[in-house]
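One structure is given below, encoded as structure tokens.
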Amino acid sequence: MSAPRASAASGTSLLSPATIIIVAAVGLAILGLTILFSASAWFWKGPYFYLNKQVVGVVAAGVLCFVVSRVNLDYARRYAWWIAGVLLVLLLLVLIPQIGISVKGSRRWLGYGPVRLQISEFAKFGLVFCLAHFLALNQTRISEFVRGYLAPLGIIGAFAILVVLEPDFGAAALLVAVGLVLMFLAGARWRYIVPTVAAVTGAFAVLVMNNPNRLRRMMEFLSEEKSHQLRQALAAYAAGGMEGTGLGQGRQQLSYLPEAHTDFIFSVVGEELGMWFTLGIVGLFAVIFICGLLHLRRAPNLFHFLLVAGCVLLITIQAVINIGVVTGIFPTKGMSLPFISAGISNLLLMGILLGVIWNTHRTWGRATMREEVRTMREVLA
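Residue numbers for the sequence shown follow the numbering used here, beginning at 40 and rising by one.
Structure (structure tokens):
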């Protein structure tokens, strides 16, 4: 029985990919709390206002991660459509003026009193969970036009359209991107995927052209005259250099850089802690992605494979978009930097995603051990 024990030990090793992902995420969260305090210390609501909220969010995300890590995912699959249905209803409620909370022209939140939740954040996981369930359920028919293409595309569209109506183009684009990648990983045909990507790109281009604010952002991105926000972000990197100005010594959070504590917090890191820390953040997200790929090699079935792949993609693609925006690679679009930006809803989403990864770390090792025990018994018999 030594072989099963060795396998189980390797599955629960402290150096396992899932463990490294958790450690990297904790490191990013600690850095986020540190830099958030510096970025928001001069706000009129007080130096500890956003820090206190973020600490609550981190603790809540940790609790949620633990709870999700204990859930039987195969049993939870039975409620995939209920989960999707509830989230779609909540997304509809967000659009109702008397119910949804509007901030800066976008209606994205539900809440009561001081508590507000951005439903589109949870819809990201809802889409991944529902899509992984459906694609795994129909894995023998994935090459069919209806079952393997139209049906999963309809699931993606249902979530993405409601998010676009808020409007939140960034979140909608993320939903579509992750959904199409999951379809491809499940075996959907290239001749369906490629035209879909082209059509979606064209649809987003039309929506941008018909919205003056988004069109202005796109023109600023294409022109040499960058937006005020991006100019201030680039100035922050230049001021920080390689080693930074020191915590609390940056100038961009003094109302020079809008959204310094949320979407553009990466720029504050660059100014106060320097390029080495920004490269470290990029490196940690790269570690999460690579370890996610290594972890996927142990997936026992297609549902678990797609579910974890979706979780890893949600973390890393969101990070790529945020960092790309604040460095001028992509057009300006509000999107949180995972684990670091201020925002409880995104932290709770990260808690769910990490909970799923840690859940599979525990259960996949047991599944492998049971399979090897079964094989040994067959050999000995």
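Beta carbons are placed, not taken as given, at the ideal position from N, Cα and C, and that holds for glycine.
Reference residue 329, options 299, 342, 348, 339, closest by Cα
The residue you call residue 329 lines up with position 290 of the sequence shown. The candidate whose alpha carbon is nearest that of residue 329 is 348.
Nearest-angstrom Cβ-Cβ length linking residue 395 and residue 346, presumed shorter than 8 Å
Within the sequence shown, residue 395 is the residue found at index 356, counting from 1. Within the sequence shown, residue 346 is the residue found at index 307, counting from 1. So it is a contact: roughly 6 Å between Cβ atoms.
How close, in whole Å, do the beta carbons of residue 311 and residue 288 come, if the pair is a contact with beta carbons under 8 Å?
Residue mapping note: residue 311 aligns to position 272 of the sequence shown, counting from 1. Residue mapping note: residue 288 aligns to position 249 of the sequence shown, counting from 1. In this structure residue 311 is in contact with residue 288, their Cβ atoms being roughly 6 Å apart against a cut-off of 8 Å.
With a CB to CB cut of under 6 Å and the five nearest residues on each side skipped, what residues in its chain are close to residue 56?
Residue numbering aside, residue 56 sits at position 17 when the sequence shown is read from its first letter. Within the same chain, residue 56 has close Cβ partners 330, 333, 334.
Which of helix, strand or coil DSSP assigns to residue 46
Here residue 46 refers to the residue found at position 7 when the sequence shown is read from its first residue. With a pLDDT of 40 at residue 46, under the threshold of 50, the predicted position of this residue should be treated as unreliable, though the coordinate-derived value follows. Three-state DSSP puts residue 46 in a helix.
Kindly confirm or deny that the stretch 153-165 and the stretch 122-138 touch, where touching means at least three C-beta pairs closer than 8 Å.
As far as the Cβ criterion goes, the stretch 153-165 touches the stretch 122-138, which means the pair count is three or higher.
Give every residue of the same chain whose Cβ lies closer than 6 Å to the Cβ of residue 116, excluding the five residues on either side of it in the sequence, and list them in chain order.
What you label residue 116 is simply residue 77 of the sequence shown in a count that begins at 1. Same-chain partners within the cutoff: 172.
Would you grab the beta carbon distance between residue 182 and residue 256 for me? Rounded to a whole angstrom, and I think it's under 8 Å.
In the sequence shown, counting from the first residue as 1, residue 182 sits at position 143. In the sequence shown, counting from the first residue as 1, residue 256 sits at position 217. About 40 Å separates the beta carbons of residue 182 and residue 256, which is beyond the 8 Å limit, so they are not a contact pair.
Excluding the 5 residues preceding and the 5 following residue 206 in the sequence, name in chain order all residues of the same chain whose CB lies nearer than 7 Å to its CB.
Here residue 206 refers to the residue found at position 167 of the sequence shown. So the list reads 145, once near-sequence residues are dropped.
Measure how close the beta-carbons of residue 23 and residue 371 come, nearest whole angstrom, since I'm counting them as under 8 Å.
This structure cannot settle anything about residue 23, because the visible part of the chain is limited to 40 through 420.
Distance between residue 187 and residue 325 (C-alpha atoms, nearest Å):
Position 286 of the sequence shown, counting from 1, holds the residue named residue 325. Position 148 of the sequence shown, counting from 1, holds the residue named residue 187. Between residue 325 and residue 187, the C-alpha separation is close to 31 Å.
Among 303, 285, 343, which residue has its Cα nearest to the Cα of residue 315?
Here the question's residue 315 lines up with position 276 in the sequence shown. Closest by alpha carbon: 285.
When you compare only the Cα positions, how much space is there between residue 272 and residue 304?
To locate residue 272, count along the sequence shown from 1; it is residue 233. To locate residue 304, count along the sequence shown from 1; it is residue 265. About 9 Å.
Beta carbon of residue 356, beta carbon of residue 213: below 8 Å?
Numbered from 1 along the sequence shown, position 317 holds the residue referred to as residue 356. Numbered from 1 along the sequence shown, position 174 holds the residue referred to as residue 213. Taking 8 Å as the Cβ cut-off, residue 356 and residue 213 qualify as a contacting pair.
Three-state secondary structure (DSSP) at residue 116?
Within the sequence shown, residue 116 is the residue found at index 77, counting from 1. The answer is helix: DSSP assigns residue 116 an H, G or I state.
Straight-line gap, residue 218 to residue 152 (C-alpha atoms, nearest Å):
For the purposes of this step, residue 218 is taken as the residue at position 179 of the sequence shown. For the purposes of this step, residue 152 is taken as the residue at position 113 of the sequence shown. Their Cα atoms are separated by approximately 34 Å.
Can you tell which of 174, 341, 112, 209 has the C-alpha that lies nearest to the C-alpha of residue 194?
Within the sequence shown, numbered from 1, the residue matching residue 194 stands at position 155. The residue from 174, 341, 112, 209 with its alpha-carbon nearest to that of residue 194 is 174.
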